[in-house]
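Report on the following structure.
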Amino acid sequence: MRIKVLDEYPYLYETHLHTNQGSACGSRTGAEMAEVCKKAGYSGMFVTDHNWGGNTCVNKELPWKRWISLYAMGYYDAKKYGDSNDLDVFFGMESGFTGTEFLLLGLEPEDFLEIPALRSASIEEQYQLIHSKGGIVIQAHPYREEPYIPEVRVFPQYADGLECSNATHSSPRSVSHNNPSWDDLARKLALDKNKPMTAGSDLHGINVLGGGVAFKRRIRSAREFCKAIIDREDCILADGKYWRNKRGEIICEMEIR
2 MRIKVLDEYP YLYETHLHTN QGSACGSRTG AEMAEVCKKA GYSGMFVTDH NWGGNTCVNK
62 ELPWKRWISL YAMGYYDAKK YGDSNDLDVF FGMESGFTGT EFLLLGLEPE DFLEIPALRS
122 ASIEEQYQLI HSKGGIVIQA HPYREEPYIP EVRVFPQYAD GLECSNATHS SPRSVSHNNP
182 SWDDLARKLA LDKNKPMTAG SDLHGINVLG GGVAFKRRIR SAREFCKAII DREDCILADG
242 KYWRNKRGEI ICEMEIR
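Residue numbering for the sequence shown follows my numbering, beginning at 2 and increasing consecutively.
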């Protein structure tokens, strides 16, 4: 399967992806996930496994340093593949607060070692701690409704941006969480609150869904990606069905072979 990127925006980045080395719901290793993204036409990807507040597969009771080292194994595995195959692999984390989830982007595992208070932080404190190390917070799939989410809660005041195109909701290839209207609500919230929009797949296996953010230039680091989002750099959003501009308006249908 391969995504036909648009000529003007040839560099596509998956921003929301899980491995079986960090997430109990992941089905493949970091290297396997990186390989399938490379073959699908991505220029880069974030590994955003679930932390202690979600469906992690790493013992939540471990000391902080040990927990981080084990949690980051999926990222390091993916990065090893990426370094050898011209795929930029970035570290991230998906945090959870009783079903309300956030993508923490822009930091390395070493940065997280310096903020052990994150493990007991509130949503507001998380925002402050991630900012203290130079990262950003994106609220993931803000309006998703599922049994594991007891209540839909949105926190634009503690997020730098909102995930407004989640390919698990919209892609014809998706077999779960199928409801594009959840993304419509997220786009409305982002416009109302003047928050940048992001896009990703929430990918848990090798059935690539086609979500992500595409740029005119190559992005070489997680910090560079975050700066581009915060600065509202020219980019387009992919939801597995449509290409959208950074305001969420449809440009054209995606071609996925």
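Where a beta carbon is used, it is the ideal one built from N, C-alpha and C, also for glycine.
Please tell me whether residue i and residue j are closer than 8 Å, where the distance is taken between their beta carbons.
i	j	result
leucine 210	serine 202	yes
lysine 80	aspartate 112	no
leucine 163	alanine 187	yes
phenylalanine 156	isoleucine 124	yes
threonine 30	glycine 75	yes
cysteine 227	isoleucine 137	yes
alanine 160	glycine 212	no
tyrosine 12	arginine 218	yes
lysine 242	serine 182	no
asparagine 60	serine 24	no
methionine 34	tyrosine 14	no
glycine 97	asparagine 52	yes
glycine 100	proline 64	no
methionine 72	alanine 32	Strictly speaking, residue 72 in this sequence is tyrosine, with methionine absent from that position. No. Outside cutoff.
Exposed or buried, what is residue i when buried is set at 16 or more other beta-carbons lying within 10 Å of its beta-carbon?
i	result
threonine 199	buried
isoleucine 231	exposed
tyrosine 149	exposed
valine 176	exposed
aspartate 89	buried
arginine 248	exposed
glutamine 140	buried
glutamate 126	exposed
leucine 114	exposed
asparagine 86	exposed
asparagine 21	buried
If I follow the unbroken alpha helix (DSSP H) through residue i, where does it start and stop?
i	result
lysine 57	According to the sequence shown, residue 57 is threonine rather than lysine. Neither: threonine 57 is in no alpha helix (DSSP H) and is coded neither H nor E.
tyrosine 128	124–133
leucine 7	No alpha helix (DSSP H) contains leucine 7, which DSSP labels as neither H nor E.
Identify whether residue i lies in helix, strand or coil by the three-state DSSP scheme.
i	result
arginine 67	helix
serine 28	coil
serine 75	Here residue 75 is glycine; the residue named in the question, serine, does not match the sequence. Looking at glycine 75 - three-state DSSP - the assignment turns out to be helix.
arginine 245	strand
glycine 45	strand
glycine 136	coil
tyrosine 144	coil
isoleucine 251	strand
lysine 150	Note on identity: in this sequence residue 150 is isoleucine, with lysine being the wrong assignment. The answer is coil: DSSP assigns isoleucine 150 none of H, G, I, E or B.
glutamate 15	strand
glutamate 62	coil
Just to confirm the assignment, what range does the beta strand (DSSP E) spanning residue i have?
i	result
isoleucine 237	236–240
leucine 106	101–106
aspartate 112	First-last for aspartate 112: 110–114, but that is the alpha helix (DSSP H), not the beta strand (DSSP E).
glutamate 95	89–98
phenylalanine 156	First-last for phenylalanine 156: undefined, no H or E at that position.
glutamine 22	Neither: glutamine 22 is in no beta strand (DSSP E) and is coded neither H nor E.
leucine 119	Unbroken run through leucine 119: none, as it is neither H nor E.
For the ligand MN, I want to know if residue i counts as a neighbour, meaning its beta carbon is within less than 7 Å of at least one of the ligand's heavy atoms.
i	result
valine 48	You won't find the ligand MN in this model; it holds no ligand whatsoever.
- request: Could you tell me which uninterrupted alpha helix (DSSP H) segments, each at least 4 residues in length, are contained entirely in the stretch 168–226, listed from first to last along the chain?
  value: Listed in chain order, the complete alpha helix (DSSP H) runs (minimum 4 residues) inside the stretch 168–226 are 168–171 and 182–194.
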